[in-house]
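Undergrad: Those sequence lines, one after another, are chains G and R.
Under the numbering used here, the first residue of the first sequence carries the number 4, and numbering increases by one thereafter.
Under the numbering used here, the first residue of the second sequence carries the number 26, and numbering increases by one thereafter.
We put the beta carbon where it would ideally sit given N, CA and C, even for glycine.
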Amino acid sequence: QQQVKQSPQSLIVQKGGISIINCAYENTAFDYFPWYQQFPGKGPALLIAIRPDVSEKKEGRFTISFNKSAKQFSLHIMDSQPGDSATYFCAASARTGFQKLVFGTGTRLLVSP
Amino acid sequence: GAVVSQHPSRVICKSGTSVKIECRSLDFQATTMFWYRQFPKKSLMLMATSNEGSKATYEQGVEKDKFLINHASLTLSTLTVTSAHPEDSSFYICSARSSWTTASTDTQYFGPGTRLTVL
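This is how it looks when you write it as structure tokens:
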């Protein structure tokens, strides 16, 4: 019940296209859903996060869509650029238990020029 | 704002020696810091949760006597890998969560990671 399932494992998108990464969870106590971007040899950097009281959040080219009833959330990267090529992790946490993050397995995104 | 640093960024040590990794929150106070381990092309694996002034809470399967964690202040946590062996070679990453209202108390900010290689 603590798992966060992420798909796809890898993704190739042409420059200017839309990248879509999906995550699903089981634990209904989760109430915070961040997305992290990680470049090789670096620590993860917070991209955008959402709480279950809204269905969508947009920051620049990045949008999170959240479906509470389906227990799913997704990251959309509009106008994908080669510089977006990285590994993306979804995560979830609940307000109990030190608010530990449960991470998805990651998606390696490659944006071709 | 919300910068977390780690030192060193890379360390190579001989088998049997101990290595200390520092994690600092530079511009905010963190009551809680987390230590992760990441294998190549894999997700982050939480090792332990560190609260300032109290003992760390370790995840199942993580040896507390091998991975010593100290959270002595609101801006510093250390991870010491004792009697390191080649299988301890990995990428270790810390994160910190703000305890004050200047940043979301849910948000974890990650350090740049430390690459440990044990020969």
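Run the proximity test for Thr105 of chain R: is its beta-carbon closer than 6 Å to any non-hydrogen atom belonging to the ligand GDP?
TA: For the ligand GDP, the structure offers nothing, since it holds no ligand at all.
Undergrad: Which residues of the segment 90-102 of chain G have a Cβ closer than 9 Å to any Cβ of chain R? Give them in chain order.
TA: The residues in question are Thr90, Phe92, Ala94, Ser96, Arg98, Gly100, Phe101, Gln102.
Undergrad: Return helix, strand or coil for Gln5 of chain G, following the three-state DSSP convention.
TA: Sequence index remark: in the first sequence, residue 5 of chain G carries index 2 (1-based). Three-state result, Gln5 of chain G: coil.
Undergrad: With distances taken Cα to Cα, identify the nearest neighbour of Phe101 of chain G among R:Phe92, R:Leu93, R:Leu101, R:Ala55.
TA: Along the first sequence, one-based indexing puts residue 101 of chain G at 98. The shortest Cα separation from Phe101 of chain G among R:Phe92, R:Leu93, R:Leu101, R:Ala55 belongs to R:Ala55.
Undergrad: Decide yes or no for the touch test of the segment 113-123 of chain R against the segment 63-75 of chain R: beta carbon pairs closer than 8 Å, at least 3 of them.
TA: A contact exists between the segment 113-123 of chain R and the segment 63-75 of chain R.
Undergrad: Quick check on the burial criterion: 16 or more other C-beta atoms within 10 angstroms. Buried or exposed for Val143 of chain R?
TA: Residue 143 of chain R sits at position 118 when you count from the first residue of the second sequence. Buried, because 16 or more other Cβ atoms sit within 10 Å of the Cβ of Val143 of chain R.
Undergrad: Could you give the C-beta distance for Thr132 of chain R and Ala73 of chain G, rounded to a whole number, given that I count them as a contact under 8 Å?
TA: Here residue 132 of chain R refers to the residue found at position 107 when the second sequence is read from its first residue. Here residue 73 of chain G refers to the residue found at position 70 when the first sequence is read from its first residue. So it is not a contact: roughly 25 Å between Cβ atoms.
Undergrad: In whole angstroms, what separates the C-alpha of Glu112 of chain R from that of Leu51 of chain R?
TA: Reading the second sequence from its first residue, position 87 is the one you call residue 112 of chain R. Reading the second sequence from its first residue, position 26 is the one you call residue 51 of chain R. Rounded to whole angstroms, Glu112 of chain R to Leu51 of chain R spans 31 Å at the Cα level.
Undergrad: If we call anything under 7 Å between Cβ atoms a contact, is Arg54 of chain G one with Asp82 of chain G?
TA: What you label residue 54 of chain G is simply residue 51 of the first sequence in a count that begins at 1. What you label residue 82 of chain G is simply residue 79 of the first sequence in a count that begins at 1. No; because the gap between Cβ atoms is not below 7 Å, this pair is not in contact.
Undergrad: Please state whether DSSP places Gln12 of chain G in a helix, a strand or coil.
TA: As a working mapping, residue 12 of chain G is identified with position 9 in the first sequence. Reduced to three states, the DSSP call for Gln12 of chain G is coil.
Undergrad: With a CB to CB cut of under 8 Å and the five nearest residues on each side skipped, what residues in its chain are close to Gln6 of chain G?
TA: In the first sequence, counting from the first residue as 1, residue 6 of chain G sits at position 3. Answer for Gln6 of chain G: Tyr28, Glu29, Val105, listed in chain order.
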